[in-house]
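Take a look at the structure set out below.
In this note's numbering, the protein residues as written are 1 to 372.
Spelled out as structure tokens, the structure:
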């Protein structure tokens, strides 16, 4: 995901190339997960867990937030609490939030009275803005304390303000708060009820996902590259185990962004980052360089992929064999005529990943970096 004030990849600055590759991986996986040929034919790992549980797809969004925090360790390294800095934070937060609303509204066929307000970019905007304020005032040690306390505070709020069991869909505190503040018409309806997986209250533990990325990148800056691999792997293993143990009390749940989900997903990301640092920064292999390219214009590529999918499925329509069909459906049907349905759907998504990598490469070669 595009992170505000993300520096361009620059190995001379001491920046870890693996962090840029991680952001690129998040973009590629987001397109892969979000653009199947048909939602009726998707391999199980590429679908989010319906409620409790964890799939491969559930790793993507925390990876975005981790990348946001990691980038902030560089972009806000010398930031101080001044009016100018507050202005930049506010501007970027509002622009990101506005971009998310724009994507939900496009192609402008939906009434604003029913426009979904929370969303992916909206959550990233709020997490960025709130995390940035914390970074301005707190030392790393206090940030670590806040990172732990936010999920615990959220856990207490779930138990205190849910109507029934705090981990159930109906009547949980996240739903109640969003219904009170935003109304059911402005929330996600895909669970069979008005409940938003990017709800406002569950943004609290999501901030911890950002702070973990910030703290990890900060440690990378202070540690030699070889030692950082072991440190990342150790913390990754610890977070993963904590998440699995916490799951026994508070189930891993992406829609609720449970504390166990924060710990487990962060642990996996840290382990992945350790492997990428070893490969790219210690061994200096170029194997994952395409991911660095993919992460060089993340906001632009993410938004364009969303707009393209919306336009191809809703706006670009024509008649084929006497029947109206969208360009999106035509593309999937053409592949499905040659391949089994699930494989055709996956191939469709992979072709989109390749298409948008090509565009990223074109921009990268011309040193065009589109940021807020």
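Each residue gets a CB set at the ideal place from its N, CA and C atoms; glycine is no exception. Here the structure is a predicted model, which is why all the values come from computation and not from measurement.
- Task: Return the residue from the list 257, 22 and 29 that minimises the CA-CA distance to residue 305.
- Result: 29
- Message: Taking only three categories from DSSP, how would you classify residue 31?
- Response: helix
- Item | Exposure label - residue 249; buried when at least 16 CB within 10 Å | exposed
- So, helix, strand or coil for residue 317, using DSSP? Annotated three-state conformation of residue 317 is strand, per DSSP.
- Item | Residues that residue 323 bridges to, as DSSP identifies them | 320
- Who are the near neighbours of residue 162 in its chain, counting only those whose CB is closer than 8 Å to its CB and skipping five residues on each side? 168, 171, 172, 173 and 176
- Task: Check the DSSP bridge columns for residue 253 and list the partner residues they point to.
- Result: 52
- Query: In the structure shown, what three-state DSSP assignment does residue 92 receive?
  - Reply: helix
- Three-state secondary structure (DSSP) of residue 17: helix
- Beta-carbon proximity of residue 52 to residue 253, cut-off 8 Å: yes
- Query: Secondary structure at residue 202, three-state DSSP: helix, strand or coil?
  - Reply: coil
- Is the Cβ-Cβ distance between residue 285 and residue 279 less than 8 Å? yes
- Message: So within the stretch 112 to 161, which uninterrupted alpha helix (DSSP H) runs reach at least 4 residues, ignoring any that extend past its ends?
- Response: 120 to 137 and 140 to 161
- Between residue 339 and residue 349, what straight-line distance do the alpha-carbon atoms span, to the nearest angstrom? 14 Å
- What residues in its chain sit with their C-beta under 6 Å from that of residue 194, if we drop five residues either side in the sequence? 184 and 187
- Query: Using a Cβ-Cβ distance under 8 Å, would residue 98 count as near chain C?
  - Reply: As a matter of chain content, chain C is missing from the structure shown, which is built from one protein chain.
- Message: Taking the alpha helix (DSSP H) that residue 240 belongs to, which residues open and close that run?
- Response: 225 to 247
- Kindly list the residues whose CB is nearer than 6 Å to the CB of residue 6, restricted to its own chain and excluding five residues on each side of it in sequence; keep chain order. With a pLDDT of 37 at residue 6, under the threshold of 50, the predicted position of this residue should be treated as unreliable, though the coordinate-derived value follows. Around residue 6: 71.
- Query: Three-state secondary structure (DSSP) at residue 278?
  - Reply: helix
- Does the stretch 259 to 266 touch the stretch 42 to 60, meaning 3 or more C-beta pairs lie closer than 8 Å? Because the criterion of three Cβ pairs below 8 Å is met, the stretch 42 to 60 and the stretch 259 to 266 touch.
- Message: With the cut-off set at 8 Å, would you say residue 374 and residue 38 are in Cβ contact?
- Response: Because the chain in this structure spans residues 1 to 372, residue 374 falls outside the shown range and cannot be described.
- Do residue 211 and residue 147 have their CB atoms nearer than 8 Å? Result yes, Cβ atoms of residue 211 and residue 147 sit closer than 8 Å.
- Query: Is the stretch 91 to 102 in contact with the stretch 118 to 131, if contact means three or more CB pairs nearer than 8 Å?
  - Reply: Using a C-beta cut-off of 8 Å, the stretch 91 to 102 makes contact with the stretch 118 to 131, since at least three inter-stretch Cβ pairs fall below that distance.
- With distances taken from CA atoms, which of 129, 27 and 151 is nearest residue 298? It is 27 whose Cα lies nearest to the Cα of residue 298.
- Which residue's Cα is closest to the Cα of residue 368: 181, 326, 149 and 301? 301
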